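Start counting the sequence shown at 1; every next residue gets the next number (the UniProt record's numbering). By construction, the Cβ of each residue, glycine as well, lies at the ideal position given by its N, Cα and C atoms. As the structure is a computational prediction, the values presented were derived from the model and not from experiment. Read through the structure below, which is laid out as structure tokens, and then see the notes.
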Amino acid sequence: MSSPSFGAIKSYHHQAQHLVNNYLLADPFIPYTSVLTGIFLCKLVYDLCHFISNSHSKTYIILTKIQRIEWNNRGISTVHAVFISAMSLYFVFCSHLFSDRWHNDLVVFRSSRLSSLGLGLSIGYFIADLAMIFWKYPALGGLEYIVHHSLSGVAVAYSLFSGEGQLYTYMVLISEITTPEINLRWYLDTAGMKKSMAYVVNGVFIFLAWLVARILLFIYMFYHVYLHYNQVMRMHIFGYALVFGVPAALGIMNLIWFEKIVRGVKKTLAKRCEC
């Protein structure tokens, strides 16, 4: 009895492996399967946030319906941010894929299954989040969020489907490392902990992370483009425009938001000093 069962399990395993390797992770299908998987995972995380929070959070159960939706939505963005920032840090600073020392071909045309998979999952998130923003507009974010997500989504999608400029896409996506701190600030505020030390410390972390990931890193990216400009020129005209246009637009938005963060940190620290 055990031998046929083991044989059946082994057969299913081989079939599943064949499906994954030849279809789900095959180069022609990765852009599509990864995007759909990203959307599905967003729905899964949303439901898990609702289930866990409803069972273990005293704050969650007293929130309004729209606040619960935002609570769960921020759970999705936090999970995505942790995932994509880790992937981005790996590809930009650890992986040999985009290293000039290990490859002689043009860096702007390099990609891999893993790098494409990561970008596809991120596009799935941007699509799902944009849909929720439009669904509950403007409760989950105003025009600036739509512009930010649209620019990011278009740039990431082009990089995924064309295979161009994936290094610069991942450099920009490192900025998602600031999202968990921003969400934690909202959670603490919603839980009535705006005057807590955790809120102050988190505010300082937001300031530092934003300065490094959304200001200094963007400067580094443009410096890298400058050093490899002869390669960037060989990209398709649309990709060439995205390399300069999207980071520039996002950079301006980052500076505007950074000014608000600085004012917020100063205000919070001033209140703590008065106490």
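Where the alpha helix (DSSP H) containing residue i begins and where it ends
{"i": "I30", "result": "30 to 56"}
{"i": "residue 280", "result": "This structure cannot speak to residue 280, because the chain is shown only from 1 to 275."}
{"i": "I206", "result": "197 to 210"}
{"i": "M221", "result": "217 to 227"}
Residue i classed as buried or exposed, judged by whether at least 16 other C-beta atoms fall within 10 angstroms
{"i": "R74", "result": "buried"}
{"i": "I52", "result": "exposed"}
{"i": "Y125", "result": "buried"}
{"i": "R263", "result": "exposed"}
{"i": "T179", "result": "buried"}
{"i": "L250", "result": "buried"}
{"i": "E259", "result": "exposed"}
{"i": "L117", "result": "buried"}
{"i": "V92", "result": "buried"}
{"i": "E274", "result": "exposed"}
Nearest-angstrom Cα separation, counted from residue j out to residue i
{"i": "A86", "j": "K266", "result": "30 angstroms"}
{"i": "N104", "j": "I237", "result": "23 angstroms"}
{"i": "W102", "j": "H224", "result": "17 angstroms"}
{"i": "T268", "j": "A209", "result": "17 angstroms"}
{"i": "I206", "j": "V200", "result": "10 angstroms"}
{"i": "L24", "j": "T33", "result": "Because the pLDDT of L24 is 49, which lies under 50, any placement of that residue in the model is unreliable, and the number read from its coordinates should be weighed accordingly. Computed Cα separation, rounded: 6 angstroms."}
C-beta atoms of residue i and residue j nearer than 8 angstroms
{"i": "T169", "j": "V156", "result": "yes"}
{"i": "G120", "j": "V35", "result": "yes"}
{"i": "A213", "j": "I252", "result": "no"}
{"i": "G239", "j": "Y158", "result": "yes"}
{"i": "Q166", "j": "S115", "result": "yes"}
{"i": "S175", "j": "D129", "result": "no"}
Scan the segment 61 to 130 and note each continuous alpha helix (DSSP H) run of 4 residues or more that stays entirely inside, going in chain order. 65 to 89
Complete alpha helix (DSSP H) runs within the segment 136 to 193 (minimum length 4 residues, chain order): 143 to 162, 166 to 173, 179 to 190
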